[in-house]
Amino acid sequence: MADTALDRAPVLVVEHRSFWQRLKVSRNWLGFWFMLPTITILLAFLLYPLMKGIWLSMTDARIGRAGNFVGFENFIWLWDDSVFWMSVFNTMLYTTIASVLKFAIGLYLAILLNNNLPFKSVLRAIILLPFIVPTVLSAIAFWWIYDAQFSIISWTLTELGLIDRYVDFLGDPWNARWSVIAANIWRGVPFVAITLLAGLQTVSPTLYEAATIDGATPWQNFRFITYPLLTPIIAVVMTFSVLFTFTDFQLIWAITRGGPANATHLMATLSYQRAILGGYMGEGSAIATAMIPFLLSAILISWFGLQRRKWQQGESDD
Numbered sequence: 325m326a327d328t329a330l331d332r333a334p335v336l337v338v339e340h341r342s343f344w345q346r347l348k349v350s351r352n353w354l355g356f357w358f359m360l361p362t363i364t365i366l367l368a369f370l371l372y373p374l375m376k377g378i379w380l381s382m383t384d385a386r387i388g389r390a391g392n393f394v395g396f397e398n399f400i401w402l403w404d405d406s407v408f409w410m411s412v413f414n415t416m417l418y419t420t421i422a423s424v425l426k427f428a429i430g431l432y433l434a435i436l437l438n439n440n441l442p443f444k445s446v447l448r449a450i451i452l453l454p455f456i457v458p459t460v461l462s463a464i465a466f467w468w469i470y471d472a473q474f475s476i477i478s479w480t481l482t483e484l485g486l487i488d489r490y491v492d493f494l495g496d497p498w499n500a501r502w503s504v505i506a507a508n509i510w511r512g513v514p515f516v517a518i519t520l521l522a523g524l525q526t527v528s529p530t531l532y533e534a535a536t537i538d539g540a541t542p543w544q545n546f547r548f549i550t551y552p553l554l555t556p557i558i559a560v561v562m563t564f565s566v567l568f569t570f571t572d573f574q575l576i577w578a579i580t581r582g583g584p585a586n587a588t589h590l591m592a593t594l595s596y597q598r599a600i601l602g603g604y605m606g607e608g609s610a611i612a613t614a615m616i617p618f619l620l621s622a623i624l625i626s627w628f629g630l631q632r633r634k635w636q637q638g639e640s641d642d
């Protein structure tokens, strides 16, 4: 009997795999499997302390005593605590001003260092020094710079005849606030500058050449080429900058310990003072837990406000 066309057709063998087998060999999940060990470590060392802190904030625990569950009593008590609200104000002021100035100065330095300057490598290394120096050493240096009797700033201004008495940098509430903000800016600018400089290195010079031929000014080059292409880097840099500034502890504690009269207490330093030095673990944990909404808001603003702008995909924001 002659073979028909149907008989000669190739037979397709369908391999039935379980969901788990397909998941193991899926190319789309390859990145997940590489990230799984890191995710596991982060969950073990970050998620547990976070959950433990939230639980402690709902207890009346003290050092040496487990405490009982009290619900939102600690948060209700903090609502009427003037020192806590002062720390919230200080934290927002400290974070906003320091982050904005660090970005502005860091962007300027990044653009400057991206040009052909003599000794460019040496200048980059010098700018990075404040970020490399341990925070405590930086704080001690600024503590001496702001000293009421031996301040180099006050001495210089006095010798120049600009002031007739030494400035009380750390004894006056507002002077102390501006002083610690200046110290944080000095320490944080290198991180912003070097990261943005790395981003500028990825921008093709041909884009600037084409824009210059078309008659674009330096400001237009920055507005329509540099800034849009740097926006993803700016989103990441500003997110980390805000997080580092908002949770700053070492710099404030080493310079002022929250003084004078709680004028420089941030939420992080006040939490430490209440929980560790004061022994009220529940209250201190409540202050730390109250920081979470602010941190999440900062992350969301940085991510969705910069990283997801429509004009990065060639669309209009309108």
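Heads up: the sequence shown begins at 325 in our numbering, then just goes up one per residue. Glycine residues also receive a C-beta, built at the ideal position from the N, C-alpha and C atoms. The model shown is predicted, which means the values in this text are computed figures rather than measured ones.
| Item | Value |
| --- | --- |
| Element boundaries [alpha helix (DSSP H), containing residue 520] | 497-524 |
| Buried versus exposed call for residue 572 [16 or more other C-beta atoms within 10 Å across all chains shown] | buried |
| Whether residue 575 touches residue 415 by CB criterion (8 angstroms) | no |
| Extent of the continuous alpha helix (DSSP H) run through residue 600 | That residue, residue 600, is in no alpha helix (DSSP H); it is neither H nor E in DSSP. |
| Same chain only: Cβ atoms within 8 angstroms of residue 460, ignoring 5 sequence neighbours per side | 574 and 578 |
| Sub-8 angstroms separation of residue 509 and residue 437 beta-carbons | no |
| Spatially closest choice to residue 556 from 544, 527 and 375, by CA coordinates | 527 |
| Residues bridged to residue 393 [DSSP beta-bridge criterion] | 383 |
| Distance between residue 455 and residue 552 (C-alpha atoms, nearest Å) | 27 angstroms |
| Residue 604 versus residue 389: straight-line alpha-carbon distance, rounded | 10 angstroms |
| DSSP state of residue 556 mapped onto helix, strand, coil | helix |
| Cβ-based neighbour list, residue 666, same chain, cut-off 8 angstroms, excluding 5 preceding and 5 following | This structure gives no information on residue 666, because the portion of the chain shown stretches from 325 to 642. |
| Coarse secondary structure for residue 414, derived from DSSP in three states | helix |
| Nearest-angstrom Cα separation, counted from residue 582 out to residue 462 | 17 angstroms |
| Short Cβ contact (8 angstroms threshold) for residue 554 with residue 524 | yes |
| Cβ neighbour criterion (16 or more within 10 Å) applied to residue 588 | buried |
| Spatial neighbours of residue 619 in its chain, beta-carbon cut-off 7 angstroms, leaving aside the 5 residues before and after | 567 and 570 |
| Neighbourhood of residue 385 by C-beta, 7 angstroms cutoff - its chain only, sequence neighbours within 5 removed | 391, 605 and 606 |
| Which of helix, strand or coil DSSP assigns to residue 487 | coil |
| Cβ-based neighbour list, residue 536, same chain, cut-off 8 angstroms, excluding 5 preceding and 5 following | 545 |
| Burial state of residue 640 (16 or more Cβ within 10 Å) | Below a pLDDT of 50, predicted positions are generally treated as unreliable, and residue 640, at 48, falls in that range; the measurement from the model is reported next regardless. Looking at its Cβ environment, which holds fewer than 16 other Cβ atoms inside 10 Å, residue 640 is exposed. |
| Distance between residue 501 and residue 597 (C-alpha atoms, nearest Å) | 18 angstroms |
| Nearest-angstrom beta carbon gap, residue 520 and residue 430 [assumed within contact, 8 angstroms] | 6 angstroms |
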